[in-house]
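Visitor: Pasting in a structure now, in structure tokens, and then I'll have a few things to ask.
In the numbering used here, the protein residues as written are -16 to 73.
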């Protein structure tokens, strides 16, 4: 049985913090974005439409659209930047 891969889309402004990371960190995050095309579930946020993937101290917040099989990346940053972003979403 083969599972259909998801498309990973990037929303405008997703890379505000990502651009400031060193190249090794950017590479690590890009590898995770590639892995996110696999049909695996992320950790859901309470009372929020976003799910989160963790890469060490870094976070990726995204939305899943089951009908189009798309994961839309809204945020990439470290845990402190993520906390600030999350508070602005609720």
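For glycine and all other residues, C-beta sits at the position ideal for the given N, C-alpha and C.
DSSP puts residue 65 in a beta bridge; with which residues?
Guide: In DSSP, residue 65 forms no bridge with anything.
Visitor: For residue 52 versus residue -10, is the C-beta distance shorter than 8 angstroms?
Guide: Result yes, Cβ atoms of residue 52 and residue -10 sit closer than 8 angstroms.
Visitor: Exposed or buried, what is residue 19 when buried is set at 16 or more other beta-carbons lying within 10 Å of its beta-carbon?
Guide: The residue is buried, with at least 16 neighbouring Cβ atoms inside 10 Å.
Visitor: Please list the segments of the beta strand (DSSP E) lying wholly inside the region -13 to 64, counting only runs of 3 or more residues, in order along the chain.
Guide: Qualifying beta strand (DSSP E) stretches, in chain order: -10 to -7, 34 to 38, 41 to 48 and 53 to 61.
Visitor: Roughly how many angstroms separate the alpha carbons of residue -13 and residue 48, rounded to a whole number?
Guide: Distance between the alpha carbons of residue -13 and residue 48: 14 angstroms.
Visitor: Here's the rule I'm using: 16 or more other beta-carbon atoms within 10 Å means buried, otherwise exposed. How should residue -4 be labelled?
Guide: Result: exposed.
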